[in-house]
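Q:
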């Protein structure tokens, strides 16, 4: 009996070791294809330079739909198709104008309307400014805010190692600032750009209105201009300072758009689905290189690498280009809705929407058993220093899947976060700020994880 | 007896835990100072933008000596001084000219003389070109190389995760190529730039001659031009291809220069020294931002952070700006020579010379006991994801210390390597390509390690 146990243990060990050798060799091949003959970089160049900014509902968003569909068709994926989805259609219109007035002196500053904001009155707004760091300070000011522009100027907390935590700690000013200011009678809102650095690029982003609360125009101000404005307000002459701004944005009727999906059909259990995705839309100010051209081209690259290696997954692998992550999440919602409606079986979904930087790891959302299971593969990722497999959020587009498809494991791709908010939602989010090797290593890391999930499940 | 043992064990545990809490709090403070009120970025900006390229023996190198001395004096370090060292003095002279000729067609290409090379004849060289990947291929060609220009075109192997391994696998073409080609009668050498990317910046770097072998001019060619030249040579018309190049460099008599040293004197054992350093010289084509302005400003920042925190190290901590790492290593040799001559006691030395990118870890050179000792601090670095504490090389400037000061532990700072060779030794190594947070995290990681070594020793 003891002998048999030992024998079976020995057998178990040897097969485990054998499997590991095979897996480590497979990962090596995946990384080699990505690094030696990767396509993600040249695809990203096309998306950024030939198409460019692609806000939901825009002509460029439609171009991006058609282009990504064609790319996947040309790669010969088993099935490439579109999912119809109605998306918000907001347009910036003519470029914003803003200046600080100090008596007869005007200082031009750079702002950008927040996505979803209304325009200013046709002649612009001129008003005194109150600076606050947060909603508590605002509420203390009460009625004195009336008729003024509220200037939210809470910077990122630089102490967070993960810059997404700094973002989380500041972004409610952008999302909810207009509502909170309007409740007290403010006529406009100016929000410090959501970034670590001091420069002159305003960073746009989504904002919300609330039923029953007056809609007031809201704009992001560059951090350099925010520092200047704050300094002026605190100067002896602070009470004489006024701000002028004019923005010309509008919300048009919802537009028809699409999620774009490419599949490699599973060789054993084709009804079981593993999703890997990013979002195809971007803000209008930038090329949407890191946000989220990298996620899109990496997701396509995962399937392309599998084909290049003639690897036939057991389950169906889907690359999904979600539409409308930035200002509505309609694509993510539609994907989940159809998954539920069609009674699809989903094993896992992985999103890359934190930029195309050096891969550091993966975050597993709300699933301790998946975290434990996936953590067992850490040694396989060691040669590529993808070491941080931790509990955490996955991706905005994946959120709706949680309720729609119970049991699905949601995973976020986690690249190094230090540079992301330098360029996030700003005109500096361009192809030139993406490093080829970092992008390729990310694609390889994602492909490796999908390969392992396909073979061993996600939990 | 047993009870006493348990009691002492409990005491030991509690003090260990307490020490860890204190240490983790101290590291948190170090990172906070670096991230919230760091000076490394603005110091780097000065070094890059107000001084710029600073090859050994140049006026700018002298300016960098004076500037870094003054910076450390202004910070009020306990002692700031210079170490005299004679350095090579090589000058590029007028910009190189090079073109491919194909019949009557001339295609201008970008090259840069390698550091230490002789000039071409005054009228330039025109010759046929033989392309080789390595010295074996060259030797097989034998006499047929005579009178020709040898074109070394072995690219980086993209499969290495650590780009320094790709560099190691390619750099002998640059260092030794002229000697090997001259032995067979070649009249010049053109070497593919040492980089992963394809662009039009030639990357210079050091090369050697050998006594008894004819000196022939040697230059780096941009990777884009290398691809073009290779393609031309392989085309049907390949035998008609010639290359023209002219370079105007010269080696002047050795010049007087300096290592620049700042110290915080140890409060308990001031005769025991811990060194942290980078090199002050750079190649002439670039601002030397990542190579090695970042190492210089980070090393100064380590001491500045200690002062800002009013932390008094037990041992003397020295920030050393080595002179002449790039083309002679004379500063490193001098530092070791004087350490030996003065019978100094050195605990450890840490060099930052792999760029100012996100810190990934430290490499410990030839000391298993130090590796084991320092690895025990891994959990303290976990919040900052500085996880790779491994055996490996330290830094070129530290090498001479190994024999000069037996027992010293040599350590290399290891940032993420993906972007380094994009800009290494090229005109693109500028301040704008350094990320503030990445730089600051590096300085904090270095300060944290020095703090721990000061407290617990290096092995």
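Protein chains in written order, with the working numbering: chain A, 18 to 476; chain B, 18 to 476.
Glycine included, every Cβ here is placed at the ideal spot set by N, Cα and C.
Please read these numbers as outputs of a predicted model, since none were measured by experiment.
1) Is the beta carbon of residue 211(B) less than 9 Å from the beta carbon of residue 187(B)?
2) Please check if any C-beta of chain A sits within less than 9 Å of the C-beta of residue 470(B).
3) Report yes if the C-beta distance between residue 375(A) and residue 459(A) is below 9 Å; otherwise report no.
4) Would you call the stretch 447-459 of chain B and the stretch 58-76 of chain B in contact, with 3 or more CB pairs under 8 Å?
5) Of the residues that make up the stretch 44-64 of chain B, which ones have a beta carbon closer than 8 Å to any beta carbon in chain A?
6) Can you list, in chain order, the residues of its chain whose CB lies under 6 Å from that of residue 465(B), leaving out five sequence neighbours each side?
7) Quick one: measure Cβ to Cβ for residue 364(B) and residue 281(B), integer angstroms, because I've assumed they're closer than 8 Å.
8) Specify, as a first and last residue, the run of the alpha helix (DSSP H) that residue 181(A) falls within.
9) Whose C-alpha, out of 444(A), 463(A), 67(A), is nearest the C-alpha of residue 218(A)?
10) Measuring only the C-alpha atoms, how far is residue 6(A) from residue 461(B)?
11) Return the chain-ordered list of same chain residues with a C-beta closer than 8 Å to the C-beta of residue 284(B), the five sequence neighbours on each side being excluded.
12) Tell me which residue opens and which closes the alpha helix (DSSP H) that residue 267(B) is part of.
13) Could you tell me whether any Cβ in chain A is nearer than 9 Å to the Cβ of residue 36(B)?
14) Let's test the definition: count the other Cβ atoms within 10 Å of the Cβ of residue 373(A) and tell me whether it reaches 16, buried, or not, exposed.
15) Under the rule that 16 or more other beta-carbon atoms within 10 Å means buried, what is residue 67(A), buried or exposed?
16) In angstroms with no decimal places, state the Cα-to-Cα distance between residue 311(A) and residue 305(A).
17) Please report the distance separating the alpha-carbon of residue 133(B) from that of residue 102(B).
18) What in chain B is Cβ-close to residue 401(A), meaning under 8 Å?
19) Between residue 387(A) and residue 426(A), which are expected to be in contact by the criterion C-beta below 8 Å, what is the C-beta distance as a whole number of angstroms?
20) Are the stretch 139-155 of chain A and the stretch 247-258 of chain A in contact at 8 Å, needing three or more beta carbon pairs?
21) Which residues, in chain order, does the stretch 101-129 of chain B contribute to contact with chain A at a C-beta distance below 7 Å?
22) Could you work out which residues of chain B lie near residue 435(A), taking near to mean beta carbons separated by less than 8 Å?
23) Across the stretch 195-209 of chain A and the stretch 164-182 of chain A, are there enough close Cβ pairs to call them in contact, namely three or more that are closer than 8 Å?
24) Could you tell me which residues DSSP puts in a beta bridge with residue 376(A)?
25) If we define contact as Cβ-Cβ less than 9 Å, is residue 214(B) a contact residue for chain A?
26) State the beta-bridge partners of residue 427(B) as determined by DSSP.
27) If contact is defined by three or more beta carbon pairs under 8 Å, each pair taking one atom from either stretch, is the stretch 170-186 of chain A in contact with the stretch 73-84 of chain A?
28) Let me know if residue 77(B) comes out buried or exposed under the rule of 16 or more other beta-carbons within 10 Å of its beta-carbon.
29) Taking the beta carbon of residue 98(B) as the centre, do at least 16 other beta carbons fall within 10 Å, making it buried, or is it exposed?
30) Around the C-beta of residue 351(A), are 16 or more other C-beta atoms found within 10 angstroms, so that it is buried, or is it exposed?
31) At what residue ranges does the stretch 112-139 of chain B contain a whole run of the beta strand (DSSP E), taking only runs of 3 or more?
32) I think residue 463(A) touches residue 206(A), with their Cβ atoms under 8 Å apart; what is that distance to the nearest whole Å?
33) If you draw a straight line from the C-alpha of residue 471(A) to the C-alpha of residue 411(A), how long is it?
34) Grab me the residues of residue 345(B)'s own chain with a C-beta within less than 7 Å of its C-beta, minus the 5 sequence neighbours each way, in chain order.
35) Which two residues bound the contiguous beta strand (DSSP E) that contains residue 82(B)?
36) Could you name the residues of chain B that residue 404(A) contacts, counting a contact when the two beta carbons are closer than 7 Å?
A: This is what the structure holds:
1) Here residue 211(B) corresponds to residue number 194 of the second chain, with the count starting at 1. Here residue 187(B) corresponds to residue number 170 of the second chain, with the count starting at 1. Taking 9 Å as the cut-off, the beta carbon of residue 211(B) is found closer than this to the beta carbon of residue 187(B).
2) On the second chain, position 453 is the one that residue 470(B) refers to. No, because no Cβ of chain A sits closer than 9 Å to the Cβ of residue 470(B).
3) Residue 375(A) sits at position 358 when you count from the first residue of the first chain. Residue 459(A) sits at position 442 when you count from the first residue of the first chain. Yes, Cβ-Cβ distance for residue 375(A) and residue 459(A) is below 9 Å.
4) Result yes; three or more Cβ-Cβ pairs closer than 8 Å.
5) Cβ proximity to chain A below 8 Å picks out 48, 49, 52, 53 from the stretch 44-64 of chain B.
6) The sequence position of residue 465(B) within the second chain is 448, counting from 1. Around residue 465(B): 44, 47.
7) Position 347 of the second chain holds residue 364(B). Position 264 of the second chain holds residue 281(B). Not a contact, Cβ separation roughly 14 Å.
8) Indexing the first chain from 1 puts residue 181(A) at position 164. 180-187 is the extent of the alpha helix (DSSP H) around residue 181(A).
9) The sequence position of residue 218(A) within the first chain is 201, counting from 1. Per the Cα distances, 444(A).
10) Chain A is shown only over 18 to 476; residue 6(A) falls outside these bounds and no answer can be derived.
11) The count along the second chain starts at 1 and reaches residue 284(B) at position 267. Here the set comprises 329, 330, 331.
12) Within the second chain, the letter at position 250 stands for residue 267(B). The continuous stretches of alpha helix (DSSP H) do not include residue 267(B), which lies in the beta strand (DSSP E) extending over residues 267-281.
13) Sequence index remark: in the second chain, residue 36(B) carries index 19 (1-based). For residue 36(B), no Cβ of chain A is located within less than 9 Å of the residue's own Cβ.
14) On the first chain, position 356 is the one that residue 373(A) refers to. With 16 or more Cβ atoms within 10 Å of its Cβ, residue 373(A) is classed as buried.
15) Position 50 of the first chain, counted from the first residue, corresponds to residue 67(A). Label assigned to residue 67(A): exposed.
16) Here the question's residue 311(A) lines up with position 294 in the first chain. Here the question's residue 305(A) lines up with position 288 in the first chain. Going from the Cα of residue 311(A) to the Cα of residue 305(A) covers about 9 Å.
17) Locating residue 133(B) in the second chain gives position 116, counting from the first residue. Locating residue 102(B) in the second chain gives position 85, counting from the first residue. Approximately 18 Å between the Cα atoms of the pair.
18) Counted from its first residue, the first chain places residue 401(A) at position 384. Per Cβ cutoff of 8 Å: 178.
19) The residue labelled residue 387(A) in the question sits at position 370 within the first chain. The residue labelled residue 426(A) in the question sits at position 409 within the first chain. The C-beta distance from residue 387(A) to residue 426(A) rounds to 4 Å, short enough to fall under 8 Å.
20) Touching, yes.
21) Look at the stretch 101-129 of chain B: it has no residue with a C-beta under 7 Å from a C-beta of chain A.
22) As a working note, residue 435(A) is residue 418 in the first chain. From the beta-carbon of residue 435(A), the residues of chain B found nearer than 8 Å are 375, 452, 454, 455, 458.
23) Output reads yes: the stretch 164-182 of chain A touches the stretch 195-209 of chain A.
24) For the purposes of this step, residue 376(A) is taken as residue 359 along the first chain, with counting starting at 1. In DSSP, residue 376(A) forms a bridge with 432(A).
25) The count along the second chain starts at 1 and reaches residue 214(B) at position 197. Answer yes: the Cβ-Cβ gap between residue 214(B) and chain A drops below 9 Å somewhere.
26) Here residue 427(B) is taken as the residue at index 410 of the second chain, counted from 1. According to DSSP, which records beta bridges pairwise, residue 427(B) is partnered with 366(B), 382(B).
27) Cβ pair count under 8 Å is below three, so no.
28) Within the second chain, the letter at position 60 stands for residue 77(B). Under this definition residue 77(B) is a buried residue.
29) The residue you call residue 98(B) lines up with position 81 of the second chain. Residue 98(B) should be labelled exposed.
30) By one-based count along the first chain, residue 351(A) stands at place 334. Under a 10 Å Cβ-count criterion, residue 351(A) is classified as buried, with 16 or more other Cβ atoms of the shown protein chains found around its own Cβ.
31) If we require 3 residues or more, the beta strand (DSSP E) runs fully inside the stretch 112-139 of chain B come out as 114-119, 122-125, 128-130.
32) Your numbering for residue 463(A) matches position 446 in the first chain. Your numbering for residue 206(A) matches position 189 in the first chain. Taking C-beta atoms under 8 Å as the contact rule, residue 463(A) and residue 206(A) fail to qualify, at a distance of about 38 Å.
33) Position 454 of the first chain, counted from the first residue, corresponds to residue 471(A). Position 394 of the first chain, counted from the first residue, corresponds to residue 411(A). Their backbone Cα atoms lie some 18 Å apart in a straight line.
34) If you number the second chain from 1, residue 345(B) lands on position 328. Answer for residue 345(B): 73, 104, 105, listed in chain order.
35) Working through the second chain from its first residue, we reach residue 82(B) at position 65. Not the beta strand (DSSP E): residue 82(B) falls in the alpha helix (DSSP H), residues 76-91.
36) Within the first chain, numbered from 1, the residue matching residue 404(A) stands at position 387. Counting only Cβ-Cβ distances below 7 Å, residue 404(A) has contacts in chain B at 404, in chain order.
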